[in-house]
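Below is one structure, written out as structure tokens, with a few remarks after it.
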Amino acid sequence: MLGAAVTRARDGETVSRREQKKNAEAQAEPAGGNSTGQNTGEGQPISGEAVQTAGVSDPMRTQSTGETGEQAPGQTATPLAGSGQVQVTISAAGDCTLGTDEYFDAATSLPAMYQAKGADWFFAGVKNIFAADDLTLVNLEGTFTTSTARADKTYAFKADPEYVGILTAGSVEAVNVANNHSRDYGEQSYTDTVSAVEAAGIAVSGYDKVALVEKNGVKIGMTGLSTLSGMEGKEEQLKTNIESLRAQGANLIITNFHWGVEKENTPTSDQITMAHAAIDAGSDLVIGHHPHVLQGIEVYKGKYICYSLGNFCFGGNKNPGDKDTMIFQQTFTFINGALQTDENVKIIPCSLSSVSDRNDYQPTPVSGSEAERINRRIEEFSSRLH
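Just so we're on the same page, the numbering used here is the position in the sequence shown counted from 1, plus 42.
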């Protein structure tokens, strides 16, 4: 079980010890608060009390139905109209490069697998998860285009626009396109990609483009930014995007960031600063990409920050040395219109390939010792966020 002994509070208590104290102080301290019943706003690493691995309930927590949750602190999105309880489940996964670089070995490329297996192959291992949620969101890192105007860069990824069928076959409903590969074949390739994805009925967000999707009566707003070119102006753009979503009536706001350092399992100070700024501005969940490896998960003001979900369906490498990835899933609960804080989350550990000796471009949930190993890594990376 993930994080059964990872510290969540800055006083160094383990989760199990903290649970004992919480039970003893239940009458004096609301769940999730400090001794005064107020949220301090300090970031805390994720712990076992807030996580359920796929198919295995963590004894350190009880999955909430929202009936005992608190109203989320600092909620700035539009309250949901109506009374009673409404829930929406969102799954987030990492970098999806659904094409290849023209200089890669064609025989071992993602397009070769597409020609051999078809669009259904790629998300076959996770479709049951994605089909059962209300919204699946991934980072689309590459282009769907027929343009030949390759950018002058080391790696440039593209696929024919028909490859968008990989996303629809896999029950993916939303993508972020704010990343360093969205214009690999010029501005036309970006326009072609957005057009192909939206024509398939998939929501697109990134840069100054925001998206709003309604599920179960909940308006889910999405925005995305890349900080790889620098931080200047990014926080202002973030606030503008969130204000736009709020003006459109978003009840829930998700922010994607393309950031950090490749192959690093620890976020930079800029990542942490921007993640906290996003939540301060009104985001309810922050999802990070670009390092191509997993990073930790933090709880800040009652909201989750996944600093990097790693690669997922990744045509950018035929055999990555680190194939660990995950699906982050959170169920948001509204009671009488108010978003609750009830820590209803799951970590679903996966490999980006269904085989271990190469990348077959089929992300697959893992179990047993492999799941425990990945969970321990996430636990370790999260514990660094002090």
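We treat Cβ as the ideally placed atom computed from N, Cα and C, and that holds for glycine.
- Collapsing the DSSP output to three states places Tyr403 in coil.
- Sequence-distant partners of Thr297 (beyond 5 residues in either direction) whose C-beta falls short of 6 Å from its own C-beta, in its chain, are Thr265, Ala320, Ser325, Val328.
- For the 8 Å CB-CB criterion, Tyr205 and Gly141 form a contact.
- If you draw a 10 Å sphere on the C-beta of Lys305, you find fewer than 16 other C-beta atoms in it, and that means exposed.
- Counting other Cβ atoms within 10 Å of its Cβ, Lys195 stays below 16 and is therefore classed as exposed.
- Taking C-beta separations shorter than 8 Å and ignoring five residues to either side along the sequence, the partners of Val236 in its chain run Val219, Val246, Lys251, following chain order.
- The stretch 116-130 and the stretch 350-367 do not touch, with fewer than three beta-carbon pairs separated by less than 8 Å.
- Within the same chain, Cβ atoms closer than 7 Å to the Cβ of Ala173 are found at Ser213, the five residues on either side in sequence being excluded.
- Excluding residues up to 5 positions away in sequence, Thr120, Lys261 lie with their Cβ nearer than 6 Å to the Cβ of Gly291 in the same chain.
- Between Thr269 and Met316, the C-beta spacing is below 8 Å.
- Of all alpha-carbon atoms in Cys138, Ala323, Pro87, the one lying nearest the alpha-carbon of Asn221 is that of Cys138.
- Counted as a single uninterrupted DSSP element, the beta strand (DSSP E) harbouring Glu256 occupies residues 253-257.
- Selection Phe164, Ile314, Gly124 evaluated against Ser396 yields Phe164 as nearest (Cα-Cα).
- Judged by DSSP secondary structure, Tyr342 falls outside any alpha helix (DSSP H) and instead within the beta strand (DSSP E) spanning 339-342.
- Taking Pro333 as reference, the option from Pro203, Val130, Thr367, Lys343 with the minimal CA-CA separation is Thr367.
- Secondary structure at His300: strand, using DSSP grouped into helix, strand and coil.
- For the 8 Å CB-CB criterion, Glu215 and Val255 form a contact.
- Boundaries of the beta strand (DSSP E) around Phe376: 366-377.
- In the DSSP assignment, Met264 falls within the unbroken beta strand (DSSP E) covering 260-268.
- Pairwise C-beta distances place the stretch 396-416 in contact with the stretch 148-159, as three or more of them are shorter than 8 Å.
- For Gly330 against Ser350, the beta-carbon gap comes to about 5 Å, under 8 Å, which counts as contact.
- Within the DSSP secondary-structure output, Tyr346 pairs in a beta bridge with Leu327, Val341.
- Boundaries of the beta strand (DSSP E) harbouring Val180: 177-182, taken from the DSSP string.
- Going by DSSP, Leu280 is part of no beta strand (DSSP E) but of the alpha helix (DSSP H) stretching over 276-289.
- For Val335, there is no enclosing beta strand (DSSP E), since its DSSP letter is neither H nor E.
- Proximity to Leu267 across Leu179, Ser398, Glu277 peaks at Glu277, based on C-alpha coordinates.
- Boundaries of the beta strand (DSSP E) around Ser247: 245-247.
- When Thr233, Tyr145, Phe370 are compared, the shortest CA-CA separation from Leu177 is found for Phe370.
- Per the DSSP secondary-structure output, Gly228 pairs in a beta bridge with Asp226.
- According to the DSSP secondary-structure assignment, Lys200 is paired through a beta bridge with Thr142, Thr185.
- Distance from the CA atom of His223 to the CA atom of Phe199, rounded to whole angstroms, is 7 Å.
- Exposure of Glu274 is indicated by the presence of fewer than 16 other C-beta atoms within 10 angstroms of its C-beta.
- Boundaries of the beta strand (DSSP E) around Ser393: 387-393.
- Tyr145 sits exposed, since fewer than 16 C-beta atoms from the chains shown fall within 10 Å of its C-beta.
- Under the DSSP definition of a beta bridge, Ile295 partners with Gly263.
- Closest in C-alpha terms to Asp322, from the list Leu280, His300, Thr188, comes Leu280.
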